[in-house]
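Protein chains in written order, with the UniProt record's numbering: chain G, 1 to 512; chain U, 1 to 369.
Structure, rendered in structure tokens:
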């Protein structure tokens with residue numbers, strides 16, 4: 001049915017090996033004109049490696065890339081751009097102090113004599129923006145525009161260079177729910193105008209919403225290609241992970257015990273003296289998961305850092321088992337039994353240039369058995385890392401590779417293993433599943449629930465409402481540095497929570 | 001066995017080839033410049049090599065000029081690993097010599113005890129001077145580069161004041177001598193090397209080189225230092241006191257500088273001169289640490305190279321009439337290429353073939369294991 005000329009991009013037997021790993025194993029893939037093809041796979045399955053080969057960043061060890069029916073050698077990204085391929089990376093490559101136009105033309109500026117001719121560029125950008133509904137302001141400075149808008153500038157950059165094949169690497173990972181909706185509409189519009197799109201993702205919801213077909217990759221191999229219209233999310237998830245996964249969290253009702261953590265009238269100022277927490281009070285019982293819902297930037301980070309000793313508390317008290325914990329050092333807090341899965345695993349959770357072994361003992365390196373008389377016990381450290389790798393299924397070539405070289409999901413597993421295996425009484429999990437795939441998310445959720453069932457107090461801070469509703473036993477809503485409502489998953493829903501998070505609706509019951 | 005294996009592994013890494021090519025290019029460009037200037041490069045390099053290894057005295061003096069470079073290389077490397085730039089080794093050297101001179105000149109102690117005490121005091125003087133930088137950084141938020149440079153000059157003028165006020169040798173521009181009981185000369189080695197000024201600092205330096213590798217990679221304090229150096233945020237999260245670690249790092253780094261000054265006083269000169277500028281050894285240490293990639297073996301090799309080149313340059317000007325500045329230039333070209341490896345990759349097309357090696361090299365990045 002599909003004519004030969006309809007296929008704009010074809011990969012034939014593409015193979016890429018790294019030392020110890022076959023990242024892509026003889027991958028065949030076809031992209032048709034005007035379609036949206038989703039590339040689905042777990043972290044480390046080989047999606048990014050594959051797309052980097054298509055974009056000329058890596059050279060395949062075997063196989064061919066065909067464009068519009070012709071074999072091509074894709075040796076540099078500029079060759080890829082020349083052939084009409086554009087890629088929007090997960091982390092944007094923009095110059096913040098430059099305007100939108102300057103960023104877009106960077107590297108291919110039109111000149112009038114010695115001077116830049118930005119006027120004609122502005123005009124072209126405006127045209128493209130109108131045509132594809134991007135709504136871009138050519139004169140805005142990139143520093144001042146939202147993340148969603150920055151992403152559109154990235155899209156504009158590749159359209160401006162005449163791309164017909166657009167590759168998106170996890171485009172929704174950094175966006176707010178509204179921005180995601182807008183982006184998906186833009187992608188549909190681009191496809192309708194005849195652009196062919198590959199979107200790398202592991203969010204099933206988005207695939208169901210916009211993709212025409214979905215190619216699933218697992219451990220470097222193509223498992224299946226499905227028509228999205230006739231597939232179910234469960235089927236996609238099963239192919240991705242290789243076993244049945246439940247997309248819903250199974251848990252018994254909580255059986256909370258005595259009050260373990262009591263926070264009273266907590267006030268925290270940031271470095272510039274602004275009030276970030278303004279009288280936060282709540283408590284957590286042993287054996288329950290309390291979820292903190294809220295839009296990013298309403299005091300969640302400060303709350304977590306105050307609880308873990310990483311930030312100074314201005315006034316108020318934090319008690320654990322009745323003992324005052326406010327303004328103790330992070331080490332003392334962690335030694336008194338507080339585990340912390342931090343929000344930003346690259347900034348806080350790991351030393352990226354340390355090995356997996358070294359990161360496994362980030363909080364225990366200074367004590368026996370990890371060090372004796374100040375000397376690190378390398379055998380014990382390595383054994384600890386091996387134990388984590390074994391019981392948390394961390395995919396790594398070994399214990400002595402740098403944490404930086406692992407995929408996000410596996411990095412997160414190191415942190416989770418380290419924090420849970422330290423056997424804390426009180427576990428704080430901040431955005432624990434950010435950037436993880438379905439399999440890993442359900443793993444993390446199970447771990448949190450297992451901790452709860454083992455009688456720990458768990459605090460879950462998340463911007464994902466699904467996560468809060470699925471995992472938490474009790475929900476607190478934070479807004480503008482205050483707890484503005486308290487509810488339970490069964491008594492609320494996404495809409496109600498959304499309104500509470502915007503500060504527009506009180507909770508079902510007042511807190512205290 | 002494991003030591004030997006890791007030593008061989010060094011040569012399998014791309015970075016070692018970058019260094020070797022840089023050295024070769026430096027010497028080559030130096031030769032071209034000499035040709036252009038009407039000198040004979042082959043004769044010049046010949047006389048340089050002769051000066052380095054020609055006779056026992058020169059061998060001994062070459063070793064003597066390598067030693068301080070190892071220590072200043074270590075000083076800079078320690079701070080580098082801790083994520084900071086110690087450009088104040090110059091000042092720490094001066095403070096070390098003041099400490100050693102005060103103890104060596106004024107105190108009356110039995111020989112070995114006197115020496116040990118002078119060394120300890122010299123090291124502590126340098127260490128405290130370094131820690132001052134760290135304290136200004138942590139308590140006042142001043143960038144260490146600024147304070148380092150200012151404290152270099154402060155140290156120099158303090159040395160002038162101390163010498164002039166307490167122990168000026170009449171009719172000269174230098175201090176009185178230290179007592180013999182504080183000397184660290186090694187008479188049997190001096191004899192062996194025909195009078196070259198070899199001293200016990202040599203042994204201590206080699207021990208410190210091994211100690212550096214051990215401290216960095218095998219102790220919890222080295223772990224903390226590297227953690228703070230790689231990511232202050234992660235270190236803070238892990239419960240490591242970032243400020244305390246910065247203080248400790250600069251104290252140890254400063255001690256290395258202090259020891260350079262100490263050894264120069266106790267082993268080489270016996271006095272402190274009223275000098276218009278500092279020695280420059282501390283700045284050379286930056287080059288050593290850079291070329292040596294902050295590893296013990298690398299620092300040893302880089303210091304040996306630079307020390308030999310600098311000492312040998314004297315022979316070049318004597319034997320081939322080439323000004324010593326040419327060797328300074330060769331050294332800077334080596335550093336230039338070593339610091340900008342991207343350029344070498346383009347020149348030699350190392351890029352494609354080594355990309356994979358980088359991935360595998362990540363596993364054994366710390367060469368000095």
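Even glycine gets a Cβ: it sits at the ideal position worked out from N, Cα and C.
From this set, U:20, U:98, U:304, U:214, which residue's C-alpha is nearest residue 177 (chain U)'s C-alpha? U:98
Rounded to the nearest angstrom, what separates residue 210 (chain U) and residue 286 (chain G) at their Cα positions? 50 angstroms
The beta strand (DSSP E) spanning residue 70 (chain G) covers which residue range? 70-72
Output yes or no for whether 9 angstroms exceeds the beta carbon distance between residue 266 (chain U) and residue 184 (chain U). yes
Contact check, residue 430 (chain G) vs residue 304 (chain G) under 8 angstroms by CB: the rounded distance? 5 angstroms
Counted within 10 angstroms of its Cβ, other Cβ atoms place residue 166 (chain U) as buried (16 or more) or exposed: exposed
Quick check: the Cα distance between residue 69 (chain U) and residue 284 (chain U), rounded to an integer number of angstroms? 7 angstroms
With 9 angstroms as the threshold, decide whether the Cβ of residue 351 (chain G) is near any Cβ in chain U. yes
At the 9 angstroms Cβ level, is residue 342 (chain G) part of the contact set with chain U, yes or no? yes
Would you decide whether residue 358 (chain U) is buried or exposed? Buried here means 16 or more other CB atoms lie within 10 Å of its CB. For residue 358 (chain U), the predicted structure reports a pLDDT of 38, less than 50, and the residue's modelled location is therefore unreliable. The matter cannot be settled from this model.
Put residue 111 (chain G) into one of helix, strand or coil per three-state DSSP. strand
Out of U:280, U:338, U:241, state which residue places its alpha-carbon closest to the alpha-carbon of residue 292 (chain U). U:338
Report yes or no: is there a C-beta of chain G within less than 9 angstroms of the C-beta of residue 142 (chain U)? no
If we call anything under 9 angstroms between Cβ atoms a contact, is residue 282 (chain U) one with residue 76 (chain U)? yes
Indicate the three-state DSSP secondary structure (helix, strand or coil) for residue 67 (chain U) in the structure shown. helix
Helix, strand or coil, according to DSSP, for residue 385 (chain G) in the structure here? helix
Where do the ends of the alpha helix (DSSP H) carrying residue 213 (chain G) lie? No alpha helix (DSSP H) holds residue 213 (chain G); the beta strand (DSSP E) holding it covers 213-218.
Does the contact criterion of 3 or more C-beta pairs under 8 angstroms hold for the segment 186-204 of chain G versus the segment 101-120 of chain G? no
Nearest by alpha-carbon distance to residue 193 (chain G): which of G:76, G:36, G:46 is it? G:36
Identify, in the order they occur along the chain, each residue of the same chain with its Cβ nearer than 6 angstroms to the Cβ of residue 395 (chain G), setting aside the five sequence neighbours on each side. 44, 410
Buried versus exposed, by CB contacts within 10 Å (16 or more), residue 20 (chain G): exposed
By how many angstroms is the C-alpha of residue 235 (chain U) removed from the C-alpha of residue 168 (chain U)? 49 angstroms
Mind checking which residues open and close the beta strand (DSSP E) that includes residue 12 (chain G)? 7-18
Grab the span of the alpha helix (DSSP H) containing residue 153 (chain U) for me, first residue to last. 144-166
Once you ignore the five residues that flank residue 294 (chain G) on each side, which residues in its own chain have a CB closer than 7 angstroms to its CB? 300, 477, 478, 479, 501
Kindly indicate if chain G contains any beta-carbon less than 9 angstroms away from that of residue 298 (chain U). no
From the DSSP output, in three-state form, read off residue 227 (chain G) for me. strand
DSSP has residue 269 (chain G) in a bridge; who is on the other side? G:275
With 9 angstroms as the C-beta to C-beta threshold (strictly closer), list the residues of the segment 93-105 of chain U near chain G in chain order. none
For residue 57 (chain U), which residues in chain G fall below 9 angstroms Cβ to Cβ? Chain G residues near residue 57 (chain U): none, gap ~42 angstroms exceeds 9 angstroms.
Sequence-distant residues of its chain with Cβ nearer than 7 angstroms to residue 424 (chain G) (five each side left out): 337, 338, 339, 456
In angstroms with no decimal places, state the Cα-to-Cα distance between residue 134 (chain G) and residue 171 (chain G). 15 angstroms
Establish whether the CB of residue 461 (chain G) and some CB of chain U are separated by less than 9 angstroms. no
Which of the three DSSP states is assigned to residue 290 (chain G) in this structure? strand
When you check each C-beta in the segment 318-338 of chain G against every C-beta of chain U, which residues fall closer than 9 angstroms? 329, 330, 331, 332, 333, 334, 335
Would you mind stating whether residue 256 (chain U) and residue 71 (chain U) have Cβ atoms separated by less than 9 angstroms? yes
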